[in-house]
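Novice: Residue numbers (the UniProt record's numbering): 1 to 247. Heads up, the beta-carbon is just placed ideally off N, CA and C, and yes, glycines get one too. No experiment lies behind these values; they were computed from the predicted model shown. Structure below; questions to follow.
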C-alpha cells in the first residue's frame with residue numbers, strides 16, 4: 001500500500017491512527033471511507049462486506065433459516081477480506097465472491113445474519129483483530145464507533161436524508177432495481193439492523209457529518225476536517241491531563 005502525504009493537522013505517518021465510521025445505507029460511508037483511507041495511506045476495513053460474505057456463505061450452504069446453523073457456519077468460515085482501499089477482494093474458501101456479495105439477492109438476506117447477536121459477536125472479534133493488526137486503518141460499518149472501536153482516534157457518524165440515500169443507491173445500481181425493492185434495500189435493511197445497533201444517532205464523542213447536500217469530494221473534506229478536530233481535541237486532553245483515561 002502506497003503512503004500518501006498526511007493532510008495538515010492529522011497524525012504524522014509514524015503514529016497509529018484508527019478512524020471509525022458508521023452510518024445508514026446509502027450515506028456514502030463506503031466510498032468516502034475508502035477515499036479517506038487512500039489519502040491517509042491507511043488500510044480500509046469494510047465490515048458490511050464481511051456480513052455480506054457471511055450471508056452468501058450461509059445461503060450457499062442452505063442454512064439461512066437456522067440461526068444456530070448460521071453461527072456454526074460462521075465459526076468454520078474461511079474468509080479472506082482485502083483491506084487495500086484500491087483493491088476490493090472477498091474470498092470464502094476457494095470462491096471469489098467479490099461481485100456476488102453485491103447482488104440484490106444478498107442485499108435482501110444480509111440482515112438475517114446481521115441481526116443474529118451471536119454472529120455479531122464472532123465478527124466483532126474478527127474486526128477488532130483486523131484493526132489491531134494495522135498501524136493506520138479506516139473501519140466502517142454500523143457499530144464501529146460504539147462497539148467495535150469505541151476508543152478509536154476519530155469516530156464519525158456519516159448520514160444523509162432518506163431521499164438522498166435512496167437516490168444515490170438508485171444511481172449506483174443504474175436502474176437495475178425496482179423502486180419498491182430499492183426502498184427495501186435502503187430503508188428496509190436499516191430498520192431491521194437498527195433492532196440490534198443504533199447507527200442513526202451519534203453517541204457521546206462521535207462526530208456527525210451530514211452529506212445530504214454534499215458531493216463526494218465535499219463529504220471527504222468534511223470527514224477529514226472532523227478527524228482533524230477530534231485528533232486536536234484528543235491531543236489537548238492528553239497534554240492537559242496526561243494521566244487521564246483515553247476519551
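Output the residue ranges of the alpha helix (DSSP H) runs that lie fully inside the segment 58-94 and measure 4 residues or longer, sorted by chain position.
Specialist: Correct list: 67-75.
Novice: If we count the other Cβ atoms within 10 Å of its Cβ and call it buried at 16 or more, is residue 226 buried or exposed?
Specialist: The residue in question, residue 226, is buried, as its Cβ has 16 or more Cβ neighbours within 10 Å.
Novice: Between the alpha carbons of residue 136 and residue 70, how many angstroms are there, rounded?
Specialist: For residue 136 and residue 70, the distance between alpha carbons rounds to 32 angstroms.
Novice: Where does residue 25 land, buried or exposed, given buried means 16+ other C-beta within 10 angstroms?
Specialist: So residue 25 counts as buried.
Novice: What runs of the beta strand (DSSP E), each 3 residues or longer, lie entirely inside the segment 114-171?
Specialist: As far as the segment 114-171 is concerned, its whole beta strand (DSSP E) runs of at least 3 residues are 136-141, 154-159.
Novice: Report the option in 159, 63, 145 whose CA atom is closest to the CA atom of residue 220.
Specialist: Closest by alpha carbon: 159.
Novice: Going by CA-CA distance only, name the one from 16, 15, 22 that's closest to residue 142.
Specialist: Closest option to residue 142, Cα to Cα, is 22.
Novice: Alpha carbon to alpha carbon, how far is residue 240 from residue 233?
Specialist: Going from the Cα of residue 240 to the Cα of residue 233 covers about 11 angstroms.
Novice: Beta carbon of residue 121, beta carbon of residue 33: below 8 angstroms?
Specialist: No; because the gap between Cβ atoms is not below 8 angstroms, this pair is not in contact.
Novice: Output the boundary residues of the beta strand (DSSP E) element that contains residue 20.
Specialist: First-last of the beta strand (DSSP E) with residue 20: 17-22.
Novice: Tell me whether residue 207 sits in a helix, a strand or coil according to DSSP, three-state version.
Specialist: The answer is strand: DSSP assigns residue 207 an E or B state.
Novice: Judging by CA-CA distance, which residue of 205, 127, 61 is the nearest neighbour of residue 45?
Specialist: Cα-wise, what sits closest to residue 45 is 127.
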